[in-house]
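Novice:
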Amino acid sequence: MQVFFHKFWLEVGSLVVRKVKKIFADSKVLEILNRTHIAWIPKIQGPETLDEFCSILEQSVSDSKSRVYFSPNVDRDIGESLCDILDFTSTPFLGKYLGFPLKQPGSSSHDYNFILDRVKQKLLGWKANMLSLAGRLVLIQAFLAAIPSYVMQCSSLPARIFDGIDRVNRNFP
Numbered sequence: 017m018q019v020f021f022h023k024f025w026l027e028v029g030s031l032v033v034r035k036v037k038k039i040f041a042d043s044k045v046l047e048i049l050n051r052t053h054i055a056w057i058p059k060i061q062g063p064e065t066l067d068e069f070c071s072i073l074e075q076s077v078s079d080s081k082s083r084v085y086f087s088p089n090v091d092r093d094i095g096e097s098l099c100d101i102l103d104f105t106s107t108p109f110l111g112k113y114l115g116f117p118l119k120q121p122g123s124s125s126h127d128y129n130f131i132l133d134r135v136k137q138k139l140l141g142w143k144a145n146m147l148s149l150a151g152r153l154v155l156i157q158a159f160l161a162a163i164p165s166y167v168m169q170c171s172s173l174p175a176r177i178f179d180g181i182d183r184v185n186r187n188f189p
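Residue numbers (the numbering used here): 17 to 189.
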């Protein structure tokens, strides 16, 4: 949009100024104009390196937390060269993001066992003997269904995990 106004300001500039003056005079903004648009104004034209992007955002890259993951298709020597250039270490797996493992080739259902552990912990905390069958069903459906949903927003869970959750729920006393 900036390019448009820069290029055609002579044609549309007077209309824009008139509309802005009218908005200030009437204290009414058209619904279509009352939308927020966030724009970053880079301090560097065409940033190409991490340092240049970081200076725009006024942030810094933590070398101790940074890793590079290479596809199995990337030649090992090329990967090592890139790590030397970037001054980062490579990693064989992506690890966790926001509390759960990132799915990648070779990961297994064992990576998602923490979901089953959370479900089991919740069930252990509830006193099943104090609840009726209907109460237990409501509790299971309301609370335990929410535990894996956060992870499922970003990753597809293996069927084994769903089977395990069903088994734990069925065996709840």
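C-beta: ideal position from N, C-alpha, C; glycine also. This structure is a prediction, so every number in the text was calculated from the model and none was measured.
Note the first and the last residue of the continuous alpha helix (DSSP H) segment covering residue 130.
Specialist: Working through the sequence shown from its first residue, we reach residue 130 at position 114. Here the alpha helix (DSSP H) through residue 130 covers 129 to 141.
Novice: Could you tell me the distance, in whole angstroms, from the CA atom of residue 184 to the CA atom of residue 68?
Specialist: Numbered from 1 along the sequence shown, position 168 holds the residue referred to as residue 184. Numbered from 1 along the sequence shown, position 52 holds the residue referred to as residue 68. Distance between the alpha carbons of residue 184 and residue 68: 51 Å.
Novice: For the pair the region 91 to 111 and the region 133 to 142, tell me if three or more CB-CB distances fall below 8 Å.
Specialist: Result no; under three Cβ-Cβ pairs closer than 8 Å.
Novice: DSSP puts residue 113 in a beta bridge; with which residues?
Specialist: As a position in the sequence shown, residue 113 is number 97, starting the count at 1. Partner(s): 116.
Novice: Which whole-angstrom value is the C-beta distance of residue 167 and residue 116, which I expect to be below 8 Å?
Specialist: As a first step, residue 167 must be located in the sequence shown, where it is residue number 151. As a first step, residue 116 must be located in the sequence shown, where it is residue number 100. Yes, residue 167 and residue 116 are in contact; Cβ-Cβ is about 5 Å, under 8 Å.
Novice: I think residue 140 touches residue 180, with their Cβ atoms under 8 Å apart; what is that distance to the nearest whole Å?
Specialist: On the sequence shown, position 124 is the one that residue 140 refers to. On the sequence shown, position 164 is the one that residue 180 refers to. That pair is no contact at about 15 Å.
Novice: For residue 82 versus residue 104, is the C-beta spacing smaller than 9 Å?
Specialist: For the purposes of this step, residue 82 is taken as the residue at position 66 of the sequence shown. For the purposes of this step, residue 104 is taken as the residue at position 88 of the sequence shown. Closer than 9 Å, so yes.
Novice: Is residue 79 buried or exposed, if buried means 16 or more other CB atoms sit within 10 Å of its CB?
Specialist: The residue labelled residue 79 in the question sits at position 63 within the sequence shown. With fewer than 16 Cβ atoms within 10 Å of its Cβ, residue 79 is classed as exposed.
Novice: Express the C-alpha separation of residue 40 and residue 34 in angstroms, rounding to a whole number.
Specialist: Residue numbering aside, residue 34 sits at position 18 when the sequence shown is read from its first letter. Residue numbering aside, residue 40 sits at position 24 when the sequence shown is read from its first letter. About 10 Å.
Novice: CB residue 106 to CB residue 177, shorter than 9 Å?
Specialist: Against the sequence shown, residue 106 aligns to sequence position 90. Against the sequence shown, residue 177 aligns to sequence position 161. Cβ distance not < 9 Å, so residue 106 and residue 177 don't count as in contact.
Novice: With C-beta atoms as the reference, is residue 21 less than 9 Å away from residue 32?
Specialist: For this step, residue 21 is matched to residue 5 along the sequence shown. For this step, residue 32 is matched to residue 16 along the sequence shown. Going by C-beta atoms, residue 21 is nearer than 9 Å to residue 32.
Novice: Could you tell me if residue 128 is buried or exposed, where buried requires 16 or more neighbouring beta carbons within 10 angstroms of its beta carbon?
Specialist: Here residue 128 is taken as the residue at index 112 of the sequence shown, counted from 1. With 16 or more other Cβ atoms within 10 Å, it is buried.
Novice: Are residue 130 and residue 156 touching if we call contact CB-CB under 9 Å?
Specialist: Working through the sequence shown from its first residue, we reach residue 130 at position 114. Working through the sequence shown from its first residue, we reach residue 156 at position 140. No, Cβ-Cβ distance for residue 130 and residue 156 is not below 9 Å.
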